[in-house]
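S.K.:
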Amino acid sequence: MSEPSKQSSDPRVLLEGYLDHYREEILRKLDGFPEPEVSRVPSGWTPVAMLKHLAYMERRWFVWDFAGEQVEDPWSDRDEDDVFVAAESFEEIKDFYLAQCERSRQAVAGASLSDVASRIGRFQPPKEPPTLAWIMFHVLEEYMRHAGHLDIARELAEAQ
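For any residue, its number in this note's numbering is found by taking its place in the sequence shown, counting from 1, and adding 412.
(1) Return the residue from the list Arg452, Glu428, Ala521 that minimises the CA-CA distance to Met548.
(2) In three-state DSSP terms, what is Arg515?
(3) Can you name, in chain order, every residue of its own chain whose Cβ lies under 6 Å from the Cβ of Met556, other than the five neighbours on each side?
(4) Please report the straight-line C-alpha distance between Asp493 and Trp457, rounded to a whole angstrom.
(5) Work out the CA separation of Met469 and Pro537 for me, nearest whole Å.
(6) Measure from the alpha carbon of Thr543 to the alpha carbon of each residue in Lys464, Ala529, Gly533, His550, then state which is nearest.
(7) Counting only beta-carbon atoms, is Val495 nearer than 8 Å to chain B?
(8) Relative to the alpha-carbon of Glu554, which residue among Ser455, Glu447, Glu449, Leu463 has its alpha-carbon at the smallest distance?
(9) Starting from Val460, follow the alpha helix (DSSP H) in both directions and report where the run begins and ends.
(10) Evaluate Val551 with the Cβ neighbour count: other Cβ atoms within 10 Å of its Cβ, from every protein chain shown; 16 or more gives buried, anything less gives exposed.
(11) Looking at Trp476 and Gly533, is the spacing between their C-beta atoms short of 8 Å?
(12) Taking buried to mean at least 16 other C-beta atoms within 10 Å of its own C-beta, is Lys506 buried or exposed?
(13) Do you know offhand how far Ala372's Cα is from Ser420's?
(14) My assumption, with CB atoms under 8 Å, is that Ala571 sits in contact with Phe445. Please give the rounded CB distance.
(15) Does the distance from the C-beta atom of Ala545 to that of Pro423 stay below 8 Å?
(16) Can you tell which of Glu437, Val460, Lys441 has the C-alpha that lies nearest to the C-alpha of Pro448?
(17) Name the DSSP beta bridge partners of Arg490, please?
So this is what it looks like as structure tokens:
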């Protein structure tokens, strides 16, 4: 998916468009990643563990925090040392990631950008819950940062 139209001024269209663009960009960077490099640890994480982290990040922000749905073990993308881990295959994690992205789209579909997150996830009193606009910008920022990490991992893998 390409970036949203440069003529678009609708914040919702821009946010959703860029989120979808970076969701697909992540998969594009991982598609065809050579084995065993997709599971090699370049600096404490593997590319496939990064994809698992992004799936859980989607679930935490949009489903648990914003929509207020209970989710089982929202932090299971990392170990006790806070390192991203993945024992599953790339295809299993890719399927999980795609399902989480779709669930995230559903969780925010009817919401306004000014709606605030629920009090179910991380934003229980006295914490102030963020707006959906803030959450979408934060998730977009996380995608952009991790896309850069995957660029470097891919360059290292292809240089060998």
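Quick reminder that beta carbons are idealized off the backbone N, C-alpha and C, glycines included.
M.R.: This is what the structure gives:
(1) Check the Cα spacing between Met548 and each of Arg452, Glu428, Ala521: the tightest is with Glu428.
(2) In this structure, Arg515 counts as helix in the three-state DSSP scheme.
(3) Taken in chain order, the list of residues that qualify is empty.
(4) About 12 Å.
(5) Going by the C-alpha atoms only, they are around 22 Å apart.
(6) Considering only Lys464, Ala529, Gly533, His550, the residue with the shortest C-alpha distance to Thr543 is Ala529.
(7) Annotation note: the requested chain B is absent from the structure, which comprises a single protein chain.
(8) Of the candidates Ser455, Glu447, Glu449, Leu463, the one whose C-alpha sits nearest the C-alpha of Glu554 is Leu463.
(9) Run containing Val460: 459 to 470, per the alpha helix (DSSP H) assignment.
(10) Buried, because 16 or more other Cβ atoms sit within 10 Å of the Cβ of Val551.
(11) In this structure, Trp476 lies closer than 8 Å to Gly533 by Cβ.
(12) Looking at its Cβ environment, which holds 16 or more other Cβ atoms inside 10 Å, Lys506 is buried.
(13) Residue 372 lies beyond the range of the chain shown here (413 to 572); nothing can be said about it.
(14) So it is not a contact: roughly 13 Å between Cβ atoms.
(15) Yes, the Cβ-Cβ distance between Ala545 and Pro423 is below 8 Å.
(16) Ranked by Cα distance from Pro448, the first of Glu437, Val460, Lys441 is Val460.
(17) Phe496, per the DSSP bridge assignment.
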